[in-house]
Amino acid sequence: MAAAVRAVPVRLAAVRAGLGALGARVLRALRTRRGQRRALQTLMLGCVLALLPSTWMHAAAAGRVGDVAQAPKTPVAVVFGAGLWDGEPSPYLAHRLDAAAELYRSGRIEVVLVTGDNSRVEYDEPDAMRRYLTERGVPDRRIVSDYAGFDTWDSCVRAKKIFGVDRAVLISQDFHIRRAVALCERAGVASYGVGVAEPHDATWYFGGIRELLASGKGARDAVLGRDPRFLGEREDGVRRALGTQR
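Numbered according to the numbering used here, the sequence shown spans residues 711 to 956.
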């Protein structure tokens, strides 16, 4: 044990020496025209690979995204969670729910599937979303909760496999909605996306940057067909809600 402890500084010194030598070689290479050209090519390749998932999702959602007024009449709307503030929907989530309530009042949808995170007792996105919608005139019997919508892919797969949704209007912010449409289409849900417009402030730009990272994960999940973190038994909540009177 003592020998192993004494060996740690030696190993760290070896690692530092190795990194230093590597850094020196990289710097020497960058001083040459050939090294600079290779570095630029590597950077460009990295940028292309980083943008591929987002590009695929934009292409997959082409012609399937609009605003509330353009949404086709569809039995089910899916609203994705977007965080809570002191137990209430965050502004972005509230705007998504406002769009769902407007679609319901106009008769374009019949049922709202609210999907979000309820992985711990003190954090319950679906119930907060349900309360918000009922306060704005959507009957409780017309709202179905998915408590295991931990990310967009999980929500899309569960909408299809657990709740039996074959066609839906999806509601999210404009920077996220194309990913939602692409992933739900991949999961077997024919989708139209309602992109809620927001001011292009710091939060909006942060969301856009985050989408680049999330698109990579989403594309990987879609290609590999990853099962949701929690799948569970099939539920008939959407079917029953569609069978109730307005």
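Glycine included, every Cβ here is placed at the ideal spot set by N, Cα and C.
Nothing here was measured: the structure is a model prediction, and the numbers come from that model.
**Request:** With a 10 Å radius around its C-beta and 16 neighbouring C-beta atoms as the bar for buried, classify L845 as buried or exposed.
**Result:** Looking at the sequence provided, one finds Glu at residue 845 rather than Leu. Result: exposed.
**Request:** For the beta strand (DSSP E) containing S865, list its first residue and its last residue.
**Result:** Premise fails: S865 lies in the alpha helix (DSSP H), 862-871, not in any beta strand (DSSP E).
**Asked** Is the region 846-856 close to the region 923-939, with three or more CB pairs under 8 angstroms?
**Response** Counting C-beta pairs with one atom in each stretch, the region 846-856 and the region 923-939 have fewer than three that are closer than 8 angstroms, which means they do not touch.
**Asked** At what residue ranges does the region 839-913 contain a whole run of the alpha helix (DSSP H), taking only runs of 4 or more?
**Response** Qualifying alpha helix (DSSP H) stretches, in chain order: 862-871, 887-897.
**Request:** Give the C-beta separation of A781 and L813 to the nearest angstrom, bearing in mind that I take them to be a contact with Cβ-Cβ under 8 angstroms.
**Result:** About 6 angstroms separates the two Cβ atoms, so the contact holds.
**Item:** Closest Cα partner of W766 within the set A892, D876, D911, F873
**Value:** Taking the Cα of W766 as reference, the smallest distance to any Cα among A892, D876, D911, F873 is reached at A892.
**Request:** Determine the DSSP secondary structure at D827, reduced to helix, strand or coil.
**Result:** D827 falls in the strand class under three-state DSSP.
**Item:** Given F790 as reference, the closest of G918, E895, R830, C866 once Cα atoms are compared
**Value:** Answer by Cα proximity: C866.
**Prompt:** In whole angstroms, what is the alpha-carbon distance linking A929 and A897?
**Reply:** The straight-line gap from Cα to Cα measures roughly 12 angstroms.
**Asked** How about the region 805-812 and the region 827-846: do they share at least three Cβ pairs that are nearer than 8 angstroms?
**Response** Because the criterion of three Cβ pairs below 8 angstroms is met, the region 805-812 and the region 827-846 touch.
**Asked** If we count the other Cβ atoms within 10 Å of its Cβ and call it buried at 16 or more, is Q955 buried or exposed?
**Response** Counting Cβ neighbours within 10 Å, Q955 comes out exposed, since fewer than 16 surround it.
**Message:** Tell me the rounded alpha-carbon separation between G859 and N828.
**Reply:** Those two C-alpha atoms are separated by around 8 angstroms.
**Request:** Give the secondary structure of E835 by DSSP, where H, G and I count as helix, E and B as strand, and everything else as coil.
**Result:** E835: helix per DSSP, three-state reduction.
**Asked** What's the call for I919, buried or exposed, on a 16-neighbour Cβ count within 10 Å?
**Response** Under this definition I919 is an exposed residue.
**Reference Y857; option with closest CA among L952, A771, L941** = For Y857, the nearest C-alpha among the options comes from L941.
**Counterpart residues of G794 in DSSP-defined beta bridges** = Checking the sequence, you will find Leu at residue 794 rather than Gly. L794 is bridged by DSSP to P799.
**Message:** Taking a contact to mean a Cβ-Cβ separation below 9 angstroms, would you say G905 touches R888 in this structure?
**Reply:** In this structure, R888 lies closer than 9 angstroms to G905 by Cβ.
**Alpha carbon of P801 to alpha carbon of D946, nearest angstrom** = Rounded to the nearest angstrom, the two C-alpha atoms are 30 angstroms apart.
**Identity of the residue in S901, E908, E832 nearest D693 by Cα** = This structure does not reach residue 693, given that the chain is present from 711 up to 956, and the question cannot be answered.
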